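S.K.:
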Amino acid sequence: MSHDALLQLRELGLRSIRELESEQGIFASGRDEAYGCIFGRDSLIVVLELMRAYTHGNEKNPYYLELCEKILRSLSNLQGRHDMVESGEEPGKIIHEYRPTKHEHLTQLSEDPWFIYPEGVMRNYDTVDATPLFLIAVDEYAKVGDQRFVETMMPSVRAALQWLKERGDSNGDGFIDYRWNPERTSGGLKVQSWMDSTESVFFEEREERPAYPIAPVEVQAYAWSAFKRWGEHERAAELKKKFNEAFVLAGPSSITLAYAIDGQGRQLRAPRSSMGHVLWAAYIEEPKNPFIDIECILDAKHIEPLRKRLLARDLFLPKAGIRTLSSRSLHYDPQSYHNGSIWPHDTAMLAEGLENFGYREDAARVRSALINAYLHFNTPIELFSYKRGIKEYKTESGHGACRVQAWSAAALISMLSNTEPA
Numbered sequence: 271m272s273h274d275a276l277l278q279l280r281e282l283g284l285r286s287i288r289e290l291e292s293e294q295g296i297f298a299s300g301r302d303e304a305y306g307c308i309f310g311r312d313s314l315i316v317v318l319e320l321m322r323a324y325t326h327g328n329e330k331n332p333y334y335l336e337l338c339e340k341i342l343r344s345l346s347n348l349q350g351r352h353d354m355v356e357s358g359e360e361p362g363k364i365i366h367e368y369r370p371t372k373h374e375h376l377t378q379l380s381e382d383p384w385f386i387y388p389e390g391v392m393r394n395y396d397t398v399d400a401t402p403l404f405l406i407a408v409d410e411y412a413k414v415g416d417q418r419f420v421e422t423m424m425p426s427v428r429a430a431l432q433w434l435k436e437r438g439d440s441n442g443d444g445f446i447d448y449r450w451n452p453e454r455t456s457g458g459l460k461v462q463s464w465m466d467s468t469e470s471v472f473f474e475e476r477e478e479r480p481a482y483p484i485a486p487v488e489v490q491a492y493a494w495s496a497f498k499r500w501g502e503h504e505r506a507a508e509l510k511k512k513f514n515e516a517f518v519l520a521g522p523s524s525i526t527l528a529y530a531i532d533g534q535g536r537q538l539r540a541p542r543s544s545m546g547h548v549l550w551a552a553y554i555e556e557p558k559n560p561f562i563d564i565e566c567i568l569d570a571k572h573i574e575p576l577r578k579r580l581l582a583r584d585l586f587l588p589k590a591g592i593r594t595l596s597s598r599s600l601h602y603d604p605q606s607y608h609n610g611s612i613w614p615h616d617t618a619m620l621a622e623g624l625e626n627f628g629y630r631e632d633a634a635r636v637r638s639a640l641i642n643a644y645l646h647f648n649t650p651i652e653l654f655s656y657k658r659g660i661k662e663y664k665t666e667s668g669h670g671a672c673r674v675q676a677w678s679a680a681a682l683i684s685m686l687s688n689t690e691p692a
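In my numbering, the protein residues as written are 271 to 692.
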């Protein structure tokens, strides 16, 4: 692809981000689409992708820092202050979804309506990963951003870290997890990781539902990185030890990571793209010499086998990206929301993870595949399918993917951030 074409694609990403910007940060999707409001997880992935573009790319665009400040400030203001079972709010927890208006499709459901606060707004905290992502994002911003702003974030950082240490592990097994409070009467998300559809949590070969609490693989990686960044090194070391004992499923030449551990200690073993997030959530010591010391929650001996697993044919499609679920799974469906579809932000994060550990050629292959998909749709789309070619995601009821998705747009900017001449 020509240099000019890549620049045009990057400009598409930046234009989309500007269109999604709001007074309180950034909307997850277009204003008239399903997710035209503030989402904590999505916003934080945007911050981390824009920070990567700023620090790794050739263009030091001050707009990236300005928008990241706005997003972090907004999430700090919306951070949990009290215990509210009906919305999932807890002190220090970062919000999942904020709808000051236009929430009737959730709050006026005939069954299990979502909770509305007395001031008439909908705030929902059904997310297990936004809090560690917030801690990672503030640390990344602090490396190059306004230190006075970072100081204003420290009370929120301390509260988030306290939540992670004291509330993140609800059953004391050492892993960060989520559960559904049996006392709750309001509606909300029963699955609280980024693959948050109910279909995405299953045992591969039996009908029984996994038991709460659920500890997703990528959330352990985020939490480990957050602990390392904010000086909780003993907690990080303990989590890493437990993780490698419980999540690693060794094969003859590669490995798979369980995508979650349920409340009875059972592994959810289907191969998912989310295992690649352990390479993305890396911790890099500030180098005192030309050699950069990089680490993640996964033991070093498993990194090369995991690379091979992510790029295997049942996950990686060289013309599209990386599937959310292996095509060998009994639950695989390319037209599902999370069980075989491809999400651009997810694939982009996996490419960054490969690059983190020196697999630059592999990262370039994954990015090339994803660029092909971006060009096909000519928009930073939410997700898509692949079956004998790139296809639109459509449900039987006619629901399709959001055409403009914030973390997809930010991933596009990050992926193409070095296309400008130095």
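Every residue, glycine too, gets a C-beta built ideally from N, C-alpha and C.
Bear in mind that the values here come from a model prediction, so they are computed numbers and not experimental data.
One question on the structure: do residue 376 and residue 364 come within less than 8 Å of each other, judged by their Cβ atoms?
M.R.: If you number the sequence shown from 1, residue 376 lands on position 106. If you number the sequence shown from 1, residue 364 lands on position 94. No, they are not a contact pair.
S.K.: For the putative contact between residue 314 and residue 400, defined by C-beta atoms under 8 Å, what is the C-beta separation to the nearest angstrom?
M.R.: Along the sequence shown, read from residue 1 onward, the residue named residue 314 stands at position 44. Along the sequence shown, read from residue 1 onward, the residue named residue 400 stands at position 130. Residue 314 to residue 400, Cβ: 6 Å. Contact.
S.K.: Under a three-way DSSP split, which group does residue 429 fall into?
M.R.: In the sequence shown, the residue the question calls residue 429 occupies position 159. Residue 429 falls in the helix class under three-state DSSP.
S.K.: With DSSP collapsed to three states, give me the class of residue 377.
M.R.: In the sequence shown, counting from the first residue as 1, residue 377 sits at position 107. Three-state DSSP puts residue 377 in a helix.
S.K.: Taking just the CA atoms, how far does residue 474 sit from residue 524?
M.R.: If you number the sequence shown from 1, residue 524 lands on position 254. If you number the sequence shown from 1, residue 474 lands on position 204. One C-alpha to the other measures close to 19 Å.
S.K.: Tell me, which residues are paired with residue 591 by DSSP?
M.R.: The residue given as residue 591 occupies position 321 in the sequence shown. Answer is 587.
S.K.: Which ranges would you report for the alpha helix (DSSP H) in the stretch 286-358 if only whole runs of at least 4 residues count?
M.R.: The stretch 286-358 contains these whole alpha helix (DSSP H) runs: 310-326 and 332-348.
S.K.: Count the other CB atoms within 10 Å of the CB of residue 477; is the residue buried (16 or more) or exposed (fewer)?
M.R.: By one-based count along the sequence shown, residue 477 stands at place 207. Residue 477 is exposed by the Cβ-count criterion.
S.K.: Pull up the DSSP beta-bridge partners for residue 553, would you.
M.R.: Working through the sequence shown from its first residue, we reach residue 553 at position 283. DSSP, once it has assigned bridges, lists 565 as partnering residue 553.
S.K.: Using a 10 Å radius around the Cβ and a threshold of 16 neighbouring Cβ atoms, would you call residue 390 buried or exposed?
M.R.: Counted from its first residue, the sequence shown places residue 390 at position 120. So residue 390 counts as exposed.
S.K.: Give a yes or no on contact between the stretch 356-371 and the stretch 450-457, applying the rule of three or more CB pairs nearer than 8 Å.
M.R.: These segments touch.
S.K.: Start and end of the beta strand (DSSP E) containing residue 683?
M.R.: Within the sequence shown, numbered from 1, the residue matching residue 683 stands at position 413. It is not in any beta strand (DSSP E) - residue 683 instead sits in the alpha helix (DSSP H) that spans 676-685.
S.K.: By DSSP's criteria, residue 394 is part of a beta bridge. Which residues make up the other side?
M.R.: Stepping through the sequence shown from its first residue, residue 394 is reached at position 124. Beta-bridge pairing links residue 394 to 367.
S.K.: Report the three-state DSSP secondary structure of residue 414 (helix, strand or coil).
M.R.: Residue numbering aside, residue 414 sits at position 144 when the sequence shown is read from its first letter. It is coil, neither helix nor strand.
S.K.: Look up residue 647 in the DSSP assignment and say whether it is helix, strand or coil.
M.R.: Along the sequence shown, one-based indexing puts residue 647 at 377. Note: residue 647 maps to helix in three-state DSSP.
S.K.: Check whether the Cβ atoms of residue 663 and residue 654 sit closer than 8 Å, and answer yes or no.
M.R.: Start at 1 with the first residue of the sequence shown, and residue 663 comes out as number 393. Start at 1 with the first residue of the sequence shown, and residue 654 comes out as number 384. Cβ distance < 8 Å, so residue 663 and residue 654 count as in contact.
S.K.: Just tell me which of 685, 521, 418 and 676 has its CA closest to the CA of residue 312.
M.R.: One-based indexing of the sequence shown puts residue 312 at position 42. Per the Cα distances, 676.
S.K.: Evaluate residue 349 with the Cβ neighbour count: other Cβ atoms within 10 Å of its Cβ, from every protein chain shown; 16 or more gives buried, anything less gives exposed.
M.R.: As a working note, residue 349 is residue 79 in the sequence shown. The residue in question, residue 349, is buried, as its Cβ has 16 or more Cβ neighbours within 10 Å.
S.K.: From the DSSP output, read off the bridge partner residues of residue 670.
M.R.: For the purposes of this step, residue 670 is taken as the residue at position 400 of the sequence shown. For residue 670, which the question treats as bridged, DSSP gives the partners 664.
S.K.: Let's test the definition: count the other Cβ atoms within 10 Å of the Cβ of residue 591 and tell me whether it reaches 16, buried, or not, exposed.
M.R.: Residue 591 sits at position 321 when you count from the first residue of the sequence shown. By the neighbour-count rule (16 or more Cβ atoms within 10 Å), residue 591 is buried.
S.K.: Tell me whether the stretch 479-499 and the stretch 563-577 touch, counting them as touching only if at least three CB pairs, one residue from each stretch, are closer than 8 Å.
M.R.: The stretch 479-499 vs the stretch 563-577: in contact.
S.K.: What number of angstroms, rounded off, separates the C-alpha of residue 324 from the C-alpha of residue 631?
M.R.: Here the question's residue 324 lines up with position 54 in the sequence shown. Here the question's residue 631 lines up with position 361 in the sequence shown. Their backbone Cα atoms lie some 22 Å apart in a straight line.
S.K.: For residue 552, which residues from the same chain have a beta carbon less than 8 Å from its beta carbon, with the 5 sequence-adjacent residues on both sides left out?
M.R.: The sequence position of residue 552 within the sequence shown is 282, counting from 1. Cβ within range, chain order: 495, 564, 565, 566, 623, 626 and 627.
S.K.: To the nearest angstrom, how far is the alpha carbon of residue 685 from that of residue 534?
M.R.: In the sequence shown, residue 685 corresponds to position 415, counting from 1. In the sequence shown, residue 534 corresponds to position 264, counting from 1. Cα to Cα, residue 685 sits roughly 39 Å from residue 534.
S.K.: Under three-state DSSP, which class holds residue 385?
M.R.: Sequence index remark: in the sequence shown, residue 385 carries index 115 (1-based). It is coil, neither helix nor strand.
S.K.: Is it true that the CB of residue 367 sits closer than 8 Å to the CB of residue 394?
M.R.: Counting from one through the sequence shown, the residue named residue 394 turns up at place 124. Counting from one through the sequence shown, the residue named residue 367 turns up at place 97. A contact, by the Cβ cut-off of 8 Å.
S.K.: Please list, in chain order, all residues of the same chain as residue 284 whose beta carbon is under 7 Å from its beta carbon, the five residues on each side excluded.
M.R.: Start at 1 with the first residue of the sequence shown, and residue 284 comes out as number 14. For residue 284, where only same-chain residues beyond five positions count, the Cβ hits under 7 Å are 683.
S.K.: Specify the secondary structure class of residue 542 as computed by DSSP and reduced to three states.
M.R.: The sequence position of residue 542 within the sequence shown is 272, counting from 1. Residue state, collapsed to three classes: strand.
S.K.: Grab me the residues of residue 506's own chain with a C-beta within less than 7 Å of its C-beta, minus the 5 sequence neighbours each way, in chain order.
M.R.: The residue you call residue 506 lines up with position 236 of the sequence shown. The answer, listed in chain order, is 494, 497 and 498.
S.K.: Count the other CB atoms, across all protein chains shown, that sit within 10 Å of the CB of residue 549; report buried if there are 16 or more and exposed otherwise.
M.R.: Numbered from its first residue, the sequence shown carries residue 549 at position 279. Residue 549 comes out buried.
S.K.: Looking at C-alpha atoms only, which residue of 666, 618, 445 and 649 is the closest neighbour of residue 687?
M.R.: Looking up residue 687 in the sequence shown gives position 417. Of 666, 618, 445 and 649, the residue nearest in Cα terms is 618.
S.K.: Measure the CB-CB distance between residue 335 and residue 415 and report whether it falls below 8 Å.
M.R.: To locate residue 335, count along the sequence shown from 1; it is residue 65. To locate residue 415, count along the sequence shown from 1; it is residue 145. Yes, Cβ-Cβ distance for residue 335 and residue 415 is below 8 Å.
S.K.: Could you spell out where the beta strand (DSSP E) holding residue 525 opens and where it closes?
M.R.: Translated into the one-based positions of the sequence shown, residue 525 becomes position 255. Residues 525-527.
S.K.: DSSP three-state label for residue 270, please.
M.R.: Residue 270 falls outside the range modelled here, since the chain spans only 271 to 692, and no answer is possible.
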